[in-house]
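Worksheet for the structure shown next.
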Amino acid sequence: MQMARQISFLTRSLLVLLALLCWNNMAAAQQPQEKRVALVIGNGAYAKSPLATTANDAGLVAQNLQAAGFDVIGARDLDADSLRKTFRDFMQKVEVDPANTVAMVYLAGYGVQLAGENYFIPVDATINRDTDIPIEGLRISDYTRELASVPLKASIFVLDAAREQPFVEGGNPIASGLALVDPQPNMLIAFNAAPGTVAPTEPGPYGTYAQALAEMIRTGGLTLPEVFDRVRLRVSENTKGGQIPWDAQKIQVQFTFFDRAPDAPPVQGAPDQVAAIRDRPMRDLGAQEAFTAALTRDTMQGYEDFLVAYPRDPLSKRVRAILAARREAITWRRTYLADTPDAYWSYLRRYPHGPHAWDARRRLSILSAALEPPPTFEMIDYDLPPPPPDEYVYVDRPVFYFGDPEFDFAPPPPPPVFFLPPPPPDFVVLPPPFAPVGLFILPQPVFVPVPVYVSAPAYVAPPQNNIIFNIIHNTTIINNTINVAPPVPNNITTAAISGKTGAAPLVSKSLRIKAEAINKDPSLIPANTLVNTKAITSTKQVFPVSRASTATTTNPPPQTDIKQGTAVQQGGTGTKTGTQSQQETVIQPGTRQLETIQQGTKQQETTQQGNKQQETTKPSDHALPTNLPPNGKGNEASKGGTSPVLGKPSGTQAPTNPALQEHEKALQDRKGASDHALPTNLPPIGKGNEASKGGTSPVLGKPSGTQAPTNPALQEHEKALQDRKGAS
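Under the numbering used here, the sequence shown has 687 at position 687, and the numbering climbs by one with no breaks.
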């Protein structure tokens, strides 16, 4: 009897546990999935002063957001109309299920501030005076307010645009960098440089801020504040203190880009350890640790605490400059929010020659107030002490850059490991991206696989048509997918825009419509696309030596040495810029695309000769690359200087291409080692006419008797080889 009761008790217990388990599973199944949507724009094709890294930066950030489960709309080099329409298309996606959606915007290009507002500059902007900015630029607050008006789970707005502007040459001067702003509710807003300061000019292939952001996005288990705190430390480290990013947030929910598996290796610099050290009194820390703690806090109080604890330390001069920039930015922000004559007079009393002095005068003029205050004027209460005299030397200048040699700052120490672990060895130096395959398409970086113990949270809804998200731990499949040629060479724009771009983020609906119109009428190509001969990919790799570069490696992932004359799908049509000793090669997407679109009847006859030739061009894996050298230019690298195909100085390395290695080995077996490695999809030397002998061509896979599409670049390349080595 007692045994029966025990069995009955065990049975009831098992039933209860089973019911609880089923209930938990049902609750998990009913829990709404988190939808992630992102808009990523990289503008670099500015007529006045093109930017070398911004399109690549956008491609790098977009790729890592794809890995984190974001449905990414990506584009490069957009004019004002395209920017507005693309943002509208993005908002339509965001509004589908806002309560379960996390939205992110990343804009890379030129940004300027005017009278308390920030503006993102389209590539077609014509700005010569300060009064042109509101007309030609896109006011950021309009878009942050629109994003905040949707009841999203969370939103992130990143502006990688604080650079020395080349536009305003007449009229009244404007303040440098971006203006400090308050984030909208449930939003994080971030700048690549502190308010009022600018980032240094970078030759590429990637900007320091974008690379640091991509690194921290893919670090599993970090909350949003931790991601941007680490970005600040990494950028400061890699620029030797010349650039200090900024962010502010009002997000209430917990958000992580990636989760970390329970059996993952221990984390260096665990969040609780960092928080405990960061919040300790500065006097209890060493000077170097205290400096890193102040930089992590990034508050007025934190920097002031450092100066109280270490007033004579070599780092104190640098901290005073950081404090000066932040005090002036806060003072101007509170002046702008008050928007009264007394407020603008108060600012001019504190900063008579400050960066926003002309902004204050503009507003006084608009308010019909005198430039000089009346005798009865009283200063407004800023709730902030006035600047000490030694701060004016930093802020009273047209461009504020923390790395200005005039300041003669002591270099900052590398952050302690518990604050900032070294970067992964394969993320220290990144090779240049693959060439863009069409108008508006972002360049595709060589994908670095995410560690196996890191993955997107289980509750994230898998985005559609996202190759990277599905195989984030497999670099081979992803990079083979990225490095593909468009299926129809003479229709590159439509092919690219229609989505046949490997793993590239899709462009917006409005851009697809625009691309189709351009394909019908090439005269509609934006003018700056053709001007952009040096704005997409600069491959002069200049990287600050980080702590990890000496401890691990300074080289990219395993690569194959590029010999003179080598052509692989890594660059594009190139042009030399700069001095002879500092030449860089950059991709000319506009020129290449214009040539592609404007081939005219000749190419149409080649590719439209009926079903027989359509079968010839059908296998996309044999389509010729879009970035072959210009006619007659295939071997300029042998003359010295920069390779016009790869856009890389001679002697640098490109990502390993197994097909290229296999092809070179086959050449060596037949003819000995060749000095001129061929593109992966060129026929082997001496085998170009095998189709005429019957059978199937081993390269093109064509029935005998068919005719391959004419390719002048291929003919010129073979002719150049014959001239040097004799006809094969």
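Ideal Cβ positions, reconstructed from N, Cα and C, are used throughout, including at glycine.
- Here Lys520 is exposed. Its C-beta has fewer than 16 other C-beta atoms within 10 Å.
- Judged by pairs of C-beta atoms under 8 Å, the stretch 177-192 touches the stretch 243-259, as three or more such pairs exist.
- Three or more beta-carbon pairs separated by less than 8 Å link the stretch 155-173 to the stretch 195-207, which places the two stretches in contact.
- Bounds of the alpha helix (DSSP H) holding Ala329 are 316-338.
- The distance from the Cβ of Ala329 to that of Leu107 is about 20 Å, inconsistent with a contact at the 8 Å cut-off.
- Scanning its chain for C-beta atoms nearer than 6 Å, with the 5 sequence neighbours on each side dropped, one finds around Pro32 the residues Asn100, in chain order.
- Under the three-state reduction of DSSP output, Arg163 falls in the strand class.
- The DSSP-derived three-state label of Gln464 is coil.
- The alpha-carbon separation between Asn470 and Lys250 amounts to approximately 32 Å.
- Here the C-alpha atom of Ile174 lies approximately 16 Å from the C-alpha atom of Leu364.
- Secondary structure within the stretch 229-266: the beta strand (DSSP E) runs of 3 or more consecutive residues, fully enclosed, are 246-249 (chain order).
- Counting of Cβ neighbours within 10 angstroms places Ser368 among the exposed residues, the total staying below 16.
- In the DSSP assignment, Gln113 is bridged to Asn118.
- With contacts defined as CB atoms closer than 8 Å, Pro266 and Ala52 fail to qualify as a contacting pair.
- Looking from the CA of Ser155, the closest CA among Thr86, Asp229, Phe257, Glu136 belongs to Phe257.
- Under the three-state reduction of DSSP, Gly59 is assigned to helix.
- For Val40, the enclosing beta strand (DSSP E) has its first and last residue at 35-42.
- In this structure the stretch 316-323 does not lie against the stretch 233-240, because fewer than three pairs of beta carbons, one per stretch, are closer than 8 Å.
- For Phe157, the pairing in a beta bridge is given by DSSP as Val105, Ile189.
- Sequence-distant partners of Ala294 (beyond 5 residues in either direction) whose C-beta falls short of 6 Å from its own C-beta, in its chain, are Gly302, Tyr303, Phe306.
- Remark: C-beta atoms of Pro463 and Gly69 approach each other more closely than 8 Å.
- Excluding residues up to 5 positions away in sequence, Trp345 lie with their Cβ nearer than 7 Å to the Cβ of Pro373 in the same chain.
- Arg350: member of the alpha helix (DSSP H) spanning 341-350, first to last residue.
- A distance below 8 Å separates the beta carbons of Val395 and Tyr351.
- Beyond the five residues adjoining it in sequence on each side, Ala115 comes within less than 8 Å, by CB distance, of Tyr336, Asp359, Arg362, Arg363 in the same chain, given in chain order.
- Membership of Arg397 in any beta strand (DSSP E) is not indicated, and neither H nor E is assigned to it by DSSP.
- Within 10 angstroms of the beta-carbon of Asp124 lie 16 or more other beta-carbons, which makes it buried.
- The C-beta of Gly170 has fewer than 16 other C-beta atoms within 10 Å across all chains shown, which makes the residue exposed.
- Counting along the chain, Ile133 sits inside no beta strand (DSSP E); it lies in the alpha helix (DSSP H) bounded by residues 133-136.
- The beta-carbon separation of Gly59 and Leu430, rounded to 11 Å, does not stay under the 8 Å limit for a contact.
- For Ala52, no alpha helix (DSSP H) segment is defined, and its DSSP state is neither H nor E.
- Around the beta carbon of Leu233, 16 or more other beta carbons lie within 10 angstroms, which makes this residue buried.
- Approximately 19 Å separates the beta-carbon atoms of Pro122 and Asn56; this is outside 8 Å, ruling out the contact.
- Secondary structure note for Asp81: its alpha helix (DSSP H) is the uninterrupted segment 80-94.
- Taking the CA atoms as reference points, Pro423 sits about 33 Å from Gly438.
- Within the same chain, Cβ atoms closer than 7 Å to the Cβ of Thr296 are found at Asp229, Leu233, Arg278, Phe419, the five residues on either side in sequence being excluded.
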